[in-house]
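Just so we're on the same page, the working numbering is the position in the sequence shown counted from 1, plus 1.
Glycine included, each C-beta is placed from N, C-alpha and C at the ideal position.
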Amino acid sequence: MAKEVIISCSGGRHLGKKIARGLRGKHCKLVVERFPDSEIKVMIPHDIRGKEVYFVQSFYETKLGDINDKLIEVLFAGYTARELGAKKVSLIAPHIAYLRQDVAFKKGEAVANKILAKVFKVFDRIYVVGPHLHRLHSFKEFFPNAVKVSLDEEIAKFIKRRVGGCILVGPDSESEQWVKPVAKKLGIKYVILSKERFSSQKVKISGKKIKEKKIVIVDDIISTGRTLIEAAKLVKGKIYFIAAHGLFADNALKDLKKIGKVFVSNSVPSRVSKINCVEAIVEVIK
Ligand code: R5P
């Protein structure tokens with residue numbers, strides 16, 4: 002009997018079965034119900050006593066709720082798994098929410114990721130794909146139980162297969178942490194630009210202009226798409242946008258597609274989720 006039980010939460014149903022196959026574990030879906038007043042109820046439909054349980058949850062909006070509902074879901078599920086006697090309880094969160102809020106910019110602002118780290122202590126391990134580090138240097142600084150799953154290898158292989166010879170561009174100083182290793186794996190050059198953000202929609206990117214046959218702009222997250230759209234104004238050539246997580250708020254995908262080709266991983270499912278994150282997750286857990 003498999004000792005691992007992989008439980009797909011509402012934002013992990015596109016990945017759960019594949020991860021279970023990779024880990025040779027049992028798979029089931031977390032039962033999630035919603036009451037008319039919008040409260041949710043979750044139920045683990047499997048005997049997990051003495052088992053190693055992995056909940057799979059990516060934080061993005063689905064029919065079953067938004068990212069905040071997803072948070073409540075995994076907390077209820079995690080604590081319930083403990084009560085049911087699971088031997089080990091882990092969370093696989095390919096895309097985790099609230100990592101970007103890592104300091105209080107104004108007095109009184111909540112530092113969301115530190116609060117999240119406290120309530121997530123219910124999990125023995127939290128596996129996160131390409132976690133976003135801004136002002137902190139190590140994921141462990143605030144999430145001691147978190148394990149980073151890097152997509153550098155998958156992104157490099159994808160670029161080799163689908164793009165070929167090119168130059169990599171990082172839209173801001175933080176992007177060097179994922180652009181540099183990918184460039185190194187491919188043995189190609191990269192350029193890092195700098196970014197000033199004034200609001201969600203207003204971004205200014207500066208740096209030297211780049212002219213090449215093929216240019217791949219790499220970021221960790223695409224949300225409004227403004228970062229990549231503004232970065233593209235500094236480059237001339239055939240443009241590709243590649244990111245680990247495609248959240249695509251409003252018309253972001255449509256707007257980016259007018260400028261270049263867009264590819265993201267399947268941490269969040271979309272029409273352009275062509276980079277598979279499952280193998281990298283399974284490798285790290287094994
Ligand atoms: C933040 O600096 C991140 O690395 C991304 O550049 C950012 O989250 C992208 O957001 P948007 O698509 O809204 O510009």
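Open item on the list: Here's a check: name, in chain order, each residue in its chain whose Cβ is nearer than 8 Å to the Cβ of L257, leaving out the five neighbours to either side.
Closed with: I223, G226, L229, I230, F242 and V263
- [ ] Quick one: give me the first and last residue of the alpha helix (DSSP H) that F77 is part of.
- [x] I68 to E84
Open item on the list: Ignoring anything shorter than 4 residues, give me the alpha helix (DSSP H) runs that lie fully in the stretch 120 to 179, in order along the chain.
Closed with: Fully enclosed alpha helix (DSSP H) runs of 4 or longer: 153 to 163.
Task: Pick from D103, R35, Y128 and I41 that is closest to H96, judged by C-alpha positions - done: Y128
Open item on the list: Buried or exposed, going by whether 16 or more other CB atoms sit within 10 Å of the CB of S268?
Closed with: The residue is buried, with at least 16 neighbouring Cβ atoms inside 10 Å.
- [ ] Taking only heavy atoms of the ligand R5P into account, decide whether any of them is closer than 7 Å to the Cβ of G131.
- [x] no
Task: Counted within 10 angstroms of its Cβ, other Cβ atoms place S200 as buried (16 or more) or exposed - done: Label assigned to S200: exposed.
TODO: May I have the straight-line CA-CA distance separating F106 from L85, to the nearest angstrom?
DONE: 41 Å
Task: Proximity of A98 and V90 at Cβ, strictly below 8 Å - done: no
- [ ] Below 7 Å CB to CB, which residues in the same chain sit around V104 once its five sequence neighbours on both sides are set aside?
- [x] Contacts found: V112 and R136.
Open item on the list: On the DSSP letters alone, give me the boundaries of the beta strand (DSSP E) that L92 sits inside.
Closed with: K89 to A94
- [ ] Determine the burial state of G12: buried for a count of at least 16 other Cβ atoms within 10 Å of its Cβ, exposed for fewer.
- [x] buried
- [ ] With G247 as the anchor, note down where its beta strand (DSSP E) starts and where it stops.
- [x] Per DSSP, the unbroken beta strand (DSSP E) holding G247 starts and ends at V236 to G247.
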